[in-house]
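Enquirer: Counted the way numbering that gives the first Met the number 0 counts, the sequence shown spans residues 0 to 288.
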Amino acid sequence: MEQLAEGIARSRVPSVTLPPYAATECYWVGSPSEVILVDAGDGSEAGVQQLEDDWETLGSPAVRAVFATHHHGDHTGGGAWAHRRWGCPLYLAEADIARLGARTRTDAPWQPFAMDSVTIGGIRVDLVAAPGHTPGQCNFWIPSVRGLLAGDNVLGNTTVVIVPPDGHLGEYMETLIRLKRLGAEWIGPGHGDVVQNPDQYLGEYLAHRHERSRQILDLLHGEAMTPRTIAEVLYRDKLPLEQMAVGEWMVRGHLEWFQAQGWVQEERGRYRITADGRHAMWKGRDDLK
Ligand SMILES: [Zn+2]
0 MEQLAEGIAR SRVPSVTLPP YAATECYWVG SPSEVILVDA GDGSEAGVQQ
50 LEDDWETLGS PAVRAVFATH HHGDHTGGGA WAHRRWGCPL YLAEADIARL
100 GARTRTDAPW QPFAMDSVTI GGIRVDLVAA PGHTPGQCNF WIPSVRGLLA
150 GDNVLGNTTV VIVPPDGHLG EYMETLIRLK RLGAEWIGPG HGDVVQNPDQ
200 YLGEYLAHRH ERSRQILDLL HGEAMTPRTI AEVLYRDKLP LEQMAVGEWM
250 VRGHLEWFQA QGWVQEERGR YRITADGRHA MWKGRDDLK
């Protein structure tokens, strides 16, 4: 377990998740007598054992609630166990409850939350709607220590995969801008190392997306292309062929967003840039958000 600030610790919970990660970071917030847990890992035996061990290390505080940042199984899978173990309510944003897998839904009573903030062990935690990676992604802002628990909107060592229909790139970029404005001093991501330079890190995330957008529009400037062909050009040296499907999904995320802006048109699986798309391209990357 890693202590991040007074009253805030995190457990690296072994979970099946996207490489290169092999664990979900779960956060305890509160005091030695009461805590909330943010995310619960995938519910595997090794995962729940880690939660149990770390909870004992914390002094076996009363667990008042488990919040999940989003519905993906590597964050909600441990909910059923946590509910049985501690009898606590399980909270997840309404938009994401609808997307829970059938098994997770029957195994664990996830419920929507109506609160904007919780105070636990004297620490106030603000709940921040942060859609993009999923429609109901919720992040947790702890003003007293200027810390942000960002779920899968931020990963410690890589960028984030935004895959439609769950993910929405336009919403994600807007969320990143809002999160950046919080002025966090550190970010606890859903996977990977703690981010110690949030302003710069989020700036790089945004720049990376702008650059990808520009590259894709650039390619379409020449000819109509399928998402697969675009992915093969963009990720030729970055992804092994067997992971090209992931690249293709990331490209689809961009294309769906471009389409909503009227920047591209689809015809029999191929995408073509429109006059508006050309205009957006020439206006420069700062307007490509
Ligand atoms: Zn995750």
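Beta carbons are placed, not taken as given, at the ideal position from N, Cα and C, and that holds for glycine.
These numbers were taken from a predicted model, which means no experiment stands behind them.
Which residues end up in the neighbourhood of ligand 1 when you take C-beta atoms closer than 6 Å to any of its heavy atoms?
Expert: With the cut-off at 6 Å, the residues found are Thr16, Thr23, His71, Asp73, His74, Asp151, Gly189 and His190.
Enquirer: Pick helix, strand or coil for Leu17, following the three-state DSSP scheme.
Expert: In this structure, Leu17 counts as coil in the three-state DSSP scheme.
Enquirer: Tell me whether Ala289 is buried or exposed, calling it buried when 16 or more other Cβ atoms sit within 10 Å of its Cβ.
Expert: Coverage of the chain is limited to positions 0 through 288, which leaves residue 289 absent and any answer about it impossible.
Enquirer: Does the segment 95-105 touch the segment 117-128, meaning 3 or more C-beta pairs lie closer than 8 Å?
Expert: The segment 117-128 is not in contact with the segment 95-105.
Enquirer: When burial is assigned at 16 or more other CB atoms within 10 Å of the CB, is Ala295 buried or exposed?
Expert: Residue 295 lies beyond the residue range present for the chain, which begins at 0 and ends at 288; the question has no answer from this structure.
Enquirer: Between which two residues does the beta strand (DSSP E) carrying Glu184 extend?
Expert: That residue, Glu184, is in no beta strand (DSSP E); it is neither H nor E in DSSP.
Enquirer: Contact check, Thr56 vs Asp38 under 8 Å by CB: the rounded distance?
Expert: Between Asp38 and Thr56 the Cβ distance is about 18 Å, and since that is not below 8 Å, they are no contact.
Enquirer: What's the C-alpha gap between Ile215 and Ile229?
Expert: Distance between the alpha carbons of Ile215 and Ile229 is about 7 Å.
Enquirer: List the whole-angstrom C-beta distance separating Pro226 from Arg267, where the pair is believed to meet the contact cut-off of C-beta under 8 Å.
Expert: The Cβ separation is near 13 Å, so there is no contact.
Enquirer: Along the chain, where does the alpha helix (DSSP H) containing Ala206 start, and where does it finish?
Expert: Here the alpha helix (DSSP H) through Ala206 covers Pro197 to Gly221.
Enquirer: Taking the C-alpha atoms as reference points, what is the distance between Gly72 and Ala101?
Expert: Distance between the alpha carbons of Gly72 and Ala101: 11 Å.
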